Amino acid sequence: MDRGFLRQNSTNENAHVLRQKAASARPLNSAPQRSVLGQISTNPTALRGKTGLTQPPQRVHVYNENDENNVPQRPAKRPEVADHPREPLAEINAYQPTVEENELAGYEEESSEIMEEEFNDEIPQSMMPTMSPEIFQELHDVYLLFYNETLDDEDEDTYDVSMVAEYSPEIFNYLHTLEVKLRPNPRYMEAQTELKWNMRSILIDWLVQVHSRFNLLPETLFLTVNYIDRFLSKRKVSLSRFQLVGAVALFIAAKYEEINCPSVNEIAYMVDHAYSVEDILRAERFMIDVLEFEMGWPGPMSFLRRTSKADDYDFETRTLAKYFLEITVMDYRFVGSPPSWLAAGAHYLSRLLLNRGEWTAAHMYYSGYTADQLRPLAYALLDACRNPEEHHKSIYEKYQERRFRRSSLFVQEWFKLAESG
Numbered sequence: 000m001d002r003g004f005l006r007q008n009s010t011n012e013n014a015h016v017l018r019q020k021a022a023s024a025r026p027l028n029s030a031p032q033r034s035v036l037g038q039i040s041t042n043p044t045a046l047r048g049k050t051g052l053t054q055p056p057q058r059v060h061v062y063n064e065n066d067e068n069n070v071p072q073r074p075a076k077r078p079e080v081a082d083h084p085r086e087p088l089a090e091i092n093a094y095q096p097t098v099e100e101n102e103l104a105g106y107e108e109e110s111s112e113i114m115e116e117e118f119n120d121e122i123p124q125s126m127m128p129t130m131s132p133e134i135f136q137e138l139h140d141v142y143l144l145f146y147n148e149t150l151d152d153e154d155e156d157t158y159d160v161s162m163v164a165e166y167s168p169e170i171f172n173y174l175h176t177l178e179v180k181l182r183p184n185p186r187y188m189e190a191q192t193e194l195k196w197n198m199r200s201i202l203i204d205w206l207v208q209v210h211s212r213f214n215l216l217p218e219t220l221f222l223t224v225n226y227i228d229r230f231l232s233k234r235k236v237s238l239s240r241f242q243l244v245g246a247v248a249l250f251i252a253a254k255y256e257e258i259n260c261p262s263v264n265e266i267a268y269m270v271d272h273a274y275s276v277e278d279i280l281r282a283e284r285f286m287i288d289v290l291e292f293e294m295g296w297p298g299p300m301s302f303l304r305r306t307s308k309a310d311d312y313d314f315e316t317r318t319l320a321k322y323f324l325e326i327t328v329m330d331y332r333f334v335g336s337p338p339s340w341l342a343a344g345a346h347y348l349s350r351l352l353l354n355r356g357e358w359t360a361a362h363m364y365y366s367g368y369t370a371d372q373l374r375p376l377a378y379a380l381l382d383a384c385r386n387p388e389e390h391h392k393s394i395y396e397k398y399q400e401r402r403f404r405r406s407s408l409f410v411q412e413w414f415k416l417a418e419s420g
């Protein structure tokens, strides 16, 4: 049949449909602009007006007051101003900058870039695991003992498709590569002209509170801190823009990890509108560019779950280990420390305090570290817990809650028993 005949008939039959579409079409000058990453609405209220959506999509939360293993829902209302300190830098306002303040656009100036020669080689490095021929041989022997190319029929993870047991060795080998590649410079504060380590602690303490208010995943907090440290490793930041760096890092990390993340308007509210929405979006684009779109830093939670396999995913051990892990974000000694080592050390210390036994060969295999490598880290974590209200006040209060098994209070009780005994 002639194609022209078909095209003519089709056009005649659908002419009235095309005219209706043309009449209702949007004018060219009113076409919607292409959204950038920061303009994508994540506000749940924006979804309620859509057909068929009576509630916004949420992460699954199952919580009741009598179940201490579950997590409460994200608060429906904004936190009250009096109940939430939204300006963490108020305590250091007396500090006077020694150089002219950098505006946001000033971040891109060459003078804001940090050069390698600006670091002092005499400044101590962050804590790192030790390696010796004896430790290497011990790990090698454990690897030969446990590694098997065929899956274990008696292992439940073999039948759980979400665990991808057949690929787990390759996955964690790749994560170990990334933790080295995306490691921040532990001495970056020496190149900053207006910032000090105690200012970083104040900022992160505030971020812990914001993170808890939004009921975000633990991975989001660790990723936020990594973004901050990596950004400060490459750019000098003025004191007036320091809180903006923390807020934007949380904004990006939530987009990367969360299903239902805070909107840009909520982030602006949490900083008490000290920065406009446009400031936050511009800073977001700039931070992503400075980090070279390398957003997939492997946080310690993945390594902690891997190590937990050695003791059959014991809930109490892992909950206490989470407390020790969150402590590390407050301490400059752990900037640049491998997250796999921090996770293994937190798990090692948790087993020690709970009397779960020795660090077995299975723990060495799944964590990749021996007890000798983890013992110095365990001592440092215990030292940080001796004055929790000074070292990590918000984390200490957070882990007093029932859903976290009151882990921070348990550690203080352990100290009392150890000193009395």
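Under numbering that gives the first Met the number 0, the first residue of the sequence shown is numbered 0, with each subsequent residue one higher. No residue lacks a Cβ here, since even glycine has one placed at the ideal position from N, Cα and C. Given the structure is predicted, the values throughout are model-derived calculations rather than measurements.
Is the beta carbon of residue j closer than 9 Å to that of residue i?
i    : j    : result
H175 : G367 : yes
A164 : D152 : no
G298 : D228 : no
Q191 : V263 : no
F323 : L373 : no
F302 : A343 : yes
L408 : A377 : no
A248 : F230 : yes
P387 : F221 : no
F403 : R305 : no
I326 : H390 : yes
W196 : Y331 : yes
S232 : Y187 : yes
V276 : L243 : no
T359 : L138 : no
G245 : T223 : yes
May I ask which residues mark the beginning and end of the alpha helix (DSSP H) holding residue i?
i    : result
Q242 : 241-256
A164 : Where A164 is concerned, there is no enclosing alpha helix (DSSP H), given that its DSSP letter is neither H nor E.
S200 : 196-212
S483 : Only positions 0 to 420 of the chain appear in this structure, which leaves residue 483 out of reach.
F302 : 299-307
K415 : 406-419
D228 : 217-233
E265 : 263-269
H390 : 387-390
G344 : 338-352
P375 : 370-383
Let's test the definition: count the other Cβ atoms within 10 Å of the Cβ of residue i and tell me whether it reaches 16, buried, or not, exposed.
i    : result
K321 : buried
P183 : buried
H272 : exposed
E412 : exposed
P132 : exposed
I203 : buried
F333 : buried
Q136 : exposed
I258 : exposed
V179 : exposed
E418 : exposed
P168 : exposed
Quiz prompt | At least three beta-carbon pairs within less than 8 Å, the stretch 304-319 to the stretch 206-226 | solution = no
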